[in-house]
Amino acid sequence: MGEKPAFAEGFWSLGKNSHAWMVPNGSWGETNIGLIRGERESLLIDTGWDLRIMREVLDHAAPLLEGAPITQVINTHSDGDHCWGNQLFADTPIIATDAAIAAMHHHTPFECAALKCACSVLRHLPVGAPRKFASYMHTMFRPYHFAGIRLTAPTTGFSGRTAISLGAETVKIIEVGPGHSAGDCLVHLPDRKIVFAGDILFAGVTPVAWSGPIANITAALKLLLTLNATTIVPGHGPLATPAHVQAQIDYWDYVQSALAPHRRSGTLPHIAARKILESPAFRATPFASWPCPERLVTSAHIFYETPTPAPKILMRQASIAYEEARLPLLS
Ligand SMILES: [Zn+2]
Numbered sequence: 266m267g268e269k270p271a272f273a274e275g276f277w278s279l280g281k282n283s284h285a286w287m288v289p290n291g292s293w294g295e296t297n298i299g300l301i302r303g304e305r306e307s308l309l310i311d312t313g314w315d316l317r318i319m320r321e322v323l324d325h326a327a328p329l330l331e332g333a334p335i336t337q338v339i340n341t342h343s344d345g346d347h348c349w350g351n352q353l354f355a356d357t358p359i360i361a362t363d364a365a366i367a368a369m370h371h372h373t374p375f376e377c378a379a380l381k382c383a384c385s386v387l388r389h390l391p392v393g394a395p396r397k398f399a400s401y402m403h404t405m406f407r408p409y410h411f412a413g414i415r416l417t418a419p420t421t422g423f424s425g426r427t428a429i430s431l432g433a434e435t436v437k438i439i440e441v442g443p444g445h446s447a448g449d450c451l452v453h454l455p456d457r458k459i460v461f462a463g464d465i466l467f468a469g470v471t472p473v474a475w476s477g478p479i480a481n482i483t484a485a486l487k488l489l490l491t492l493n494a495t496t497i498v499p500g501h502g503p504l505a506t507p508a509h510v511q512a513q514i515d516y517w518d519y520v521q522s523a524l525a526p527h528r529r530s531g532t533l534p535h536i537a538a539r540k541i542l543e544s545p546a547f548r549a550t551p552f553a554s555w556p557c558p559e560r561l562v563t564s565a566h567i568f569y570e571t572p573t574p575a576p577k578i579l580m581r582q583a584s585i586a587y588e589e590a591r592l593p594l595l596s
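Under our numbering, think of the first position of the sequence shown as 266, with each following residue one higher.
Structural data, given as structure tokens:
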């Protein structure tokens with residue numbers, strides 16, 4: 266996005282032949298990607314927003330993959346910045362939640378390419394609001410190349426939880442959506458004490474709920490804290506600590522309690538979001554310094570539309586958290 270990088274872009278070692286391609290500063294499309302090497306095979310977690318990005322990552326990955334090519338891919342969810350590089354792995358099994366696979370066709374690279382093109386023209390309009398919107402979208406899309414991307418669906422879906430093998434090692438995949446998106450999952454490598462959180466977690470960056478309910482996001486973040494990981498890779502932002510995770514829980518708690526009275530009084534969600542962002546109370550919070558505060562507008566709409574969390578899903582989350590906390594493997 267052209268901002269001063271807060272951390273170095275590229276592969277970061279997570280120990281034990283584990284790496285994450287980290288992209289500062291975690292804004293739109295600045296998406297982290299995981300690379301886990303086993304004995305003779307490797308696992309890739311997410312595939313970036315465009316082919317140029319994914320090819321660059323693969324170029325840098327080549328020395329790490331010698332003797333252990335990528336044999337499996339996981340998409341943490343359906344957002345394009347996590348799965349639009351899938352076509353480069355057309356012969357490789359790709360796994361995601363059933364809900365994520367169903368949602369992958371809701372937005373297409375062609376739509377983004379068309380919108381990018383339209384915004385590059387509309388941002389020169391003399392009219393205020395459309396020009397501002399077009400400028401915003403233009404800034405978001407400018408670094409990315411959507412031409413030539415073919416939506417490539419995962420080959421395997423699951424719901425609830427599943428596990429795959431990386432050699433003798435077990436990789437757990439836990440469905441925690443709908444929340445950020447329709448079909449979010451966490452990827453947990455218990456032997457390495459690593460979790461890839463996808464966009465359930467933005468570290469030091471304003472998160473967004475595209476799907477909701479928001480209560481599922483906070484339930485997933487709490488579950489993440491029970492996994493006893495020493496390394497937490499967020500979908501966006503730097504490597505996370507439990508403090509980053511707690512800060513996201515605090516953000517969601519804060520905005521939900523700030524939005525609730527606006528919803529009760531009938532204030533439109535985008536007006537409510539603006540009032541909150543401009544309030545001295547919000548400006549005094551640590552969240553005020555996070556990039557992309559405007560994402561609250563989207564999350565406010567979702568909060569209004571999904572006021573009551575689905576009990577079945579929350580119960581499932583609670584039972585997963587309970588099971589995970591009991592697992593001796595994780596103690
Ligand atoms: Zn993302």
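Where a beta carbon is used, it is the ideal one built from N, C-alpha and C, also for glycine. Every value quoted in this text rests on a predicted model; they were computed, and no experiment measured them.
Under a 10 Å Cβ-count criterion, residue 344 is classified as buried, with 16 or more other Cβ atoms of the shown protein chains found around its own Cβ. Around residue 354, the same chain offers 338 as residues with beta carbons nearer than 6 angstroms, after the five sequence neighbours per side are excluded. Put simply, the backbone Cα of residue 504 is about 24 angstroms away from that of residue 429. Under the 8 angstroms Cβ criterion, the region 438–451 counts as touching the region 482–495, having at least three qualifying pairs. Short note on residue 563: C-beta not closer than 7 angstroms to any heavy atom of ligand 1. By the rule of a C-beta closer than 6 angstroms to any heavy atom of ligand 1, the residues picked out are 296, 344, 346, 347, 464, 500, 501. Here residue 318 is buried. Its C-beta has 16 or more other C-beta atoms within 10 Å. Exclusion of the five residues before and after residue 566 leaves 534 as the residues of its chain whose Cβ lies within less than 6 angstroms of its Cβ.
Counting of Cβ neighbours within 10 angstroms places residue 472 among the buried residues, the total reaching 16 or more. DSSP places residue 450 in no alpha helix (DSSP H) but in the uninterrupted beta strand (DSSP E) bounded by 450–454. According to the DSSP secondary-structure assignment, residue 337 is paired through a beta bridge with 308.
DSSP, read as helix, strand or coil, puts residue 381 in helix. Less than 8 angstroms divides the Cβ of residue 438 from the Cβ of residue 450. Less than 8 angstroms separates the beta-carbon of residue 440 from that of residue 425. Residue pairing by DSSP places residue 284 opposite 278, 300 in a beta bridge. For residue 430, the enclosing beta strand (DSSP E) covers residues 426–431. The alpha-carbon separation between residue 502 and residue 362 amounts to approximately 23 angstroms. Contiguous alpha helix (DSSP H) elements confined to the region 518–566 occur at 534–543, 545–548, taking only those with 4 or more residues.
Counting of Cβ neighbours within 10 angstroms places residue 463 among the buried residues, the total reaching 16 or more. At a Cβ-Cβ threshold of 8 angstroms, residue 470 and residue 291 count as neighbours.
Residue nearest to residue 436 within the set 555, 309, 288, 520 is 309 (criterion: CA-CA distance). CA-CA distance, residue 402 to residue 512, rounds to 28 angstroms. In the three-state reduction of the DSSP assignment, residue 414 falls in the coil class. Judged by DSSP in its simplified three-state form, residue 470 adopts coil rather than helix or strand. Taking 8 angstroms as the cut-off, the beta carbon of residue 417 is found no closer than this to the beta carbon of residue 493.
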